[in-house]
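Everything below concerns the one structure shown next.
Number of protein chains: 4
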Amino acid sequence: MTLTPEQLAQIEEERAAQRPTRRAVSEGMEAHLYTAYPVLDHGFIRVIDYMGDDAAICQAARVSYGRGTKSVQNDEGLIRYLMRHWHSTPFEMCEIKLHVKLPVFVARQWIRHRTANVNEYSARYSILDREFYVPEPDALAAQSSTNNQGRGAVLQGEEAARVLDILKRDANRAYDHYEEMLGTDGQQGLARELARMNLPASIYTQWYWKTDLHNLLHFLRLRADSHAQMEIRVYAEAIAKCVKDWVPAAYAAFEDYRMGGATLSAGALGCLRRMLDGETVTQETSGMSKGEWREFEAILARR
Amino acid sequence: MTLTPEQLAQIEEERAAQRPTRRAVSEGMEAHLYTAYPVLDHGFIRVIDYMGDDAAICQAARVSYGRGTKSVQNDEGLIRYLMRHWHSTPFEMCEIKLHVKLPVFVARQWIRHRTANVNEYSARYSILDREFYVPEPDALAAQSSTNNQGRGAVLQGEEAARVLDILKRDANRAYDHYEEMLGTDGQQGLARELARMNLPASIYTQWYWKTDLHNLLHFLRLRADSHAQMEIRVYAEAIAKCVKDWVPAAYAAFEDYRMGGATLSAGALGCLRRMLDGETVTQETSGMSKGEWREFEAILARR
Amino acid sequence: MTLTPEQLAQIEEERAAQRPTRRAVSEGMEAHLYTAYPVLDHGFIRVIDYMGDDAAICQAARVSYGRGTKSVQNDEGLIRYLMRHWHSTPFEMCEIKLHVKLPVFVARQWIRHRTANVNEYSARYSILDREFYVPEPDALAAQSSTNNQGRGAVLQGEEAARVLDILKRDANRAYDHYEEMLGTDGQQGLARELARMNLPASIYTQWYWKTDLHNLLHFLRLRADSHAQMEIRVYAEAIAKCVKDWVPAAYAAFEDYRMGGATLSAGALGCLRRMLDGETVTQETSGMSKGEWREFEAILARR
Amino acid sequence: MTLTPEQLAQIEEERAAQRPTRRAVSEGMEAHLYTAYPVLDHGFIRVIDYMGDDAAICQAARVSYGRGTKSVQNDEGLIRYLMRHWHSTPFEMCEIKLHVKLPVFVARQWIRHRTANVNEYSARYSILDREFYVPEPDALAAQSSTNNQGRGAVLQGEEAARVLDILKRDANRAYDHYEEMLGTDGQQGLARELARMNLPASIYTQWYWKTDLHNLLHFLRLRADSHAQMEIRVYAEAIAKCVKDWVPAAYAAFEDYRMGGATLSAGALGCLRRMLDGETVTQETSGMSKGEWREFEAILARR
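Here you go:
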């Protein structure tokens, strides 16, 4: 992570200042505020602001269900009920704003989550810094031979060295030429909005990203999943740690019902019933395709 | 406004409690928090939570424009620039959560603003209260004879009395029957989700409504406008007062560029140039329809 | 369903006219176009327009996955794969536009699905017709004694008769007064935007509603579910019949993975593994609450 | 534009096939369907599907306003009225689906329009082609000295040649290394999801992009504007040509009220009134900042 001494000083200053508020306060989240948590080689996430807490979720649910929610004794039980029955609107009543520094190829995946507010650093207005993602050796994975979007074994030795060399040299050469095209202060160089096109997808950008808790959990479910690309998963994991301290009951329910849960098809449920009745079901007798059967077995084997 | 003593006591309690936070705090908004401002005969709006302030808008804009925003000296100037050029994303970085009590026919207009989070009191789960909107005598307007969706003169004397009598009697009779159909505690009456269909659109509902500042200002532009139905306009006006204290610079820019501004067509701009050149332009020579010309004249005459 | 002879003639005319197009055509959907399918006593749904078909879903998926999708041999297999892995964007590439006539209390539930385009009949501009939903005798359910939002046994005999009588009389009286307040043509009556507030939630409104297939299937999952209120479920079921003919492969996958499927929590999956290993698991030893356990048993018992 | 003979043959085939439909047909749009219109050096836009036409906009508006719209005699007048009063929902009743090939840095701007459905070619699954945007000599603009996001004079002679040389060489070298890292068929090279990070923002991607007419017009207003970056503006202009033939009345209203129109602030309207009264207003006496005054003068001078 590359934060200038000025930036670090500003973060310290922001963290030191406290003011009274009448709003809901999450002590767990207050402890994280403004701190930049490193992700990848130059990236970070930091929480800039938040709205609401576990109690705010329940408060909103109780407006909806009125006297009807009296039966659920406590907040934790109510939150589990809401999560189990996909009642998403109470979770939308919490909001988070993050400052994220991330490589452009990660940003391109991330931005596909449309229900969010974004202010990204503009390379039309301003000049990007010389910072590129270069994977750690243990992240230099080969293409998976079985999964079109997956990774296989880690590259070793000379092959790994060659790849790292290419990534570094090409990125630096591209940046040298970017600067050269922009010209020095005295000159009138190429427009920034054009010069930027020479820069690779490994370059870092940054943005403010704001979303509600329901959409954030959906983001985490997809991006903290083991099938997500590692370079976005580490961001999701860093965010998840903050969320856990922000809304502990909601996060626990999320872990049980979403991250650790699984959706089974009508066909899979049918097989399950036969298996519980003592029948031995195989892929051939399951009615499922090979792919589905493999996934079904993985769910049952999961620990 | 009908708040029970318990509710009023709870509001006072919420207002009294203050806790330290590291987040951005808007002093102007803190003063409004939780207070229920009466609207219509039984309704209210109250701010439950907020995120951000004027500085947060600028902070987000400066992430986007990076070093490029150094030229704008101060926050107020930057906010005016953003508003003038329809740069909406920095305004999306502020968020507000309101508790609103409102008649169902107002709620039906309001909900058409889709970019918001809502938890509404559910008449499937719970029993609605006996509270109906009955207009003040000076709001009992006749149908406009020129505008299909407008109001004309205020009804007077016997005609007004008759209308008020109908509204009150029908609402109360409908509610009596609602209660009767639901049955008393001992009995198994009609399902709530069915019995509610007997209630008129003047009955009050309530919800938590959360949206970002950009979408809130869009809501205010449409609903605080003189063409909006009075019964929703008074809600927009009550909210606007809170917004003015929350983000004073953003609200001032909004008043200048949106509420007090006007959009002119290419044709209207052409007429304007001719008029500035000393030509007398009439509807006949304007190229505009009668309706457009009338609106154009109104914009120029506005004070 | 109350369509005037003029409306029926217009529908016949629309159905008779055919024109050549280069666009994707779904034969199954063409057969449904414009036909009004009755729902409840005065309502209907009819498909006004559509975009795309099963092949369009695959076409979009193949743009995303490029050469990577060659491995999936056929469209049906690809669509099942997309549905199973929650790849929602290809389903968003199909669009449908419906004309729906429905009671206001149903419309209020329906509109909570925000990702859709809506043009509703405006009671500010125009006068509503005298049409109210009055349940069939077998739909006159009592409040459930176990479920706050559910229905119990059907009301019988005098109790049923009394409820029907109330609903009809109150609705008609409210409408009589609505007309009276609006005044006759010669008079200047109460503004429409005010008079409408006297009308009950059982009155019919209508709208054009347009959404994409992904969001439509989400709507159907929630509203064609057995826990949905019957009065909206019948609309969802009528729409589902059209969708089945429009995109047969997508609809079949939806039935298997969504309507007939179930999501199990990490805790439930753990119990399942123990049961498959031969252990007898009870609610007490399951780690689940009573409510969760009841739902878990229901999933396993489902046929 | 680089379409393979196979792709061109497929487009011809798609264009040749016509089938009868009962849906609304726009003859103007049918003529454009599937044809790939070249944009920049390797890009294109082509319309894949559409829903609705000018009449469909009016049909939806008439559902809303019921008998109230009878006063507007014809469709064109109604569409102008809707556009003038920002009644956006009837325009949402039309939908378009485009296939677009575009450089990544253009795609990154484009995707910020969130209300759209997208399926993009995935460089995790598949291998990108060796196609990069290299500007035409007359597009090689210098950075503007007055506008942080603008362009100044066109680079000339050696400077231009040097820039073009850098862009081409760096892009090709990056692609050579991309291929090298991916490995040949026999080998297990670097995972595609990693190798892609070496590619510059000038590389072409492609996507299916679907949106409704209201959001499309908003996109065109921002991206066909003279302040938009040229490389996205040419896409907006190519799309605009198709839209003009698809919904001629809506497009004409859009040109008059949006593209050719202007929004004036309350302050600017006040100045205008003083000017029409014969007063000479200068920036100093206007109450506007220098920037605002410059923009105000530009609006009045526009021809």
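Protein chains in written order, with numbering that gives the first Met the number 0: chain A, 0 to 302; chain B, 0 to 302; chain C, 0 to 302; chain D, 0 to 302. C-beta atoms are modelled at their ideal positions from N, C-alpha and C, and glycine is treated no differently.
Straight-line measurement puts the Cα of Glu13 of chain B at about 33 Å from the Cα of Gln228 of chain B. Between the alpha carbons of Arg79 of chain B and Tyr207 of chain B lies a gap of roughly 30 Å. Cβ contact annotation for Asp48 of chain D (same chain, cutoff 6 Å, sequence separation greater than five): Lys96, in chain order. In the structure shown, Ile95 of chain B adopts extended strand secondary structure according to DSSP, grouped into three states. The three-state secondary structure of Asp48 of chain A, taken from DSSP, is strand. Note that the C-beta distance between Tyr234 of chain D and Val242 of chain D is not below 7 Å. Residue pairing for Trp208 of chain B: DSSP places it in a beta bridge opposite B:Leu97 and B:Val117. Contact between the region 35 to 50 of chain A and the region 93 to 108 of chain A is present: three or more C-beta pairs spanning the two stretches fall below 8 Å. Secondary structure note for Arg14 of chain C: its alpha helix (DSSP H) is the uninterrupted segment Pro4 to Ala15.
For Thr183 of chain C, none of the residues of chain D pass the 8 Å Cβ criterion, the least Cβ distance being about 16 Å. Asn197 of chain D sits away from His226 of chain D, with the two beta carbons spaced by 7 Å or more.
Counting only the Cα atoms, Leu271 of chain D lies some 11 Å from Arg272 of chain B.
The C-beta of Val153 of chain B has fewer than 16 other C-beta atoms within 10 Å across all chains shown, which makes the residue exposed. If you look at Ala265 of chain B, you'll find it in the alpha helix (DSSP H) that goes Ala265 to Leu275.
Only exposed fits Arg168 of chain D, as fewer than 16 other CB atoms lie within 10 angstroms of its CB. For Gly290 of chain B, the enclosing alpha helix (DSSP H) stretches over residues Lys289 to Ala300. Approximately 7 Å separates the beta-carbon atoms of Thr20 of chain C and Gln17 of chain D; this is inside 8 Å, confirming the contact.
With respect to Ile56 of chain C, Pro4 of chain C sits apart: the two C-beta atoms are not nearer than 7 Å. Here the alpha carbon of Gln205 of chain B sits roughly 25 Å from the alpha carbon of Arg83 of chain A. In this structure, DSSP gives Val24 of chain B a state outside helix and strand, which the three-state scheme calls coil. Interface with chain B (7 Å Cβ-Cβ cutoff): Lys209 of chain A is included. Between the C-alpha atoms of Gly27 of chain A and Ala248 of chain A there is a straight-line separation of about 12 Å. For the set D:His41, D:Gly76 and D:Val62, the Cα lying nearest the Cα of Phe253 of chain D is the one of D:Gly76. Residues Asn214 of the same chain have their beta carbon placed closer than 6 Å to that of Thr114 of chain B, with the five preceding and five following residues left out of the count. Within 9 Å of the CB of Gly149 of chain B, no CB atom of chain D is found; the nearest one sits about 11 Å away.
Interface annotation for the region 265 to 279 of chain A against chain C: Ala265, Gly266, Ala267, Leu268, Leu271, Arg272, Met274 and Leu275, criterion Cβ-Cβ distance under 8 Å.
The C-beta of Gly42 of chain D has 16 or more other C-beta atoms within 10 Å across all chains shown, which makes the residue buried. Around Ile298 of chain A, the beta-carbon contacts reaching into chain C at under 8 Å are Leu268.
Contact between Glu130 of chain A and Thr262 of chain A is ruled out by a C-beta separation of about 40 Å, above the 8 Å threshold. Proximity of chain D to Ser201 of chain A at the Cβ level (cut-off 8 Å) is accounted for by Met196 and Asn197, in chain order. Take Asn118 of chain D, set aside five residues on each side of it, and the residues of its chain with a beta-carbon closer than 7 Å to its own are Trp206 and Tyr207, in chain order. Asp224 of chain A sits away from Ala265 of chain C, with the two beta carbons spaced by 7 Å or more. Taking 8 Å as the cut-off between beta carbons, the residues of the region 12 to 45 of chain B near chain A are Glu13, Arg14, Ala16, Gln17, Arg18, Pro19, Thr20, Arg21, Arg22, Ala23, Val24, Glu29, Leu32 and Tyr33, in sequence order. Taking a beta-carbon distance threshold of 7 Å, His176 of chain C counts as an interface residue toward chain B. Excluding residues up to 5 positions away in sequence, Ser25, Gly27, Met28, Ala30 and His31 lie with their Cβ nearer than 8 Å to the Cβ of Asp244 of chain C in the same chain. In the DSSP assignment, Tyr250 of chain B falls within the unbroken alpha helix (DSSP H) covering Pro247 to Phe253.
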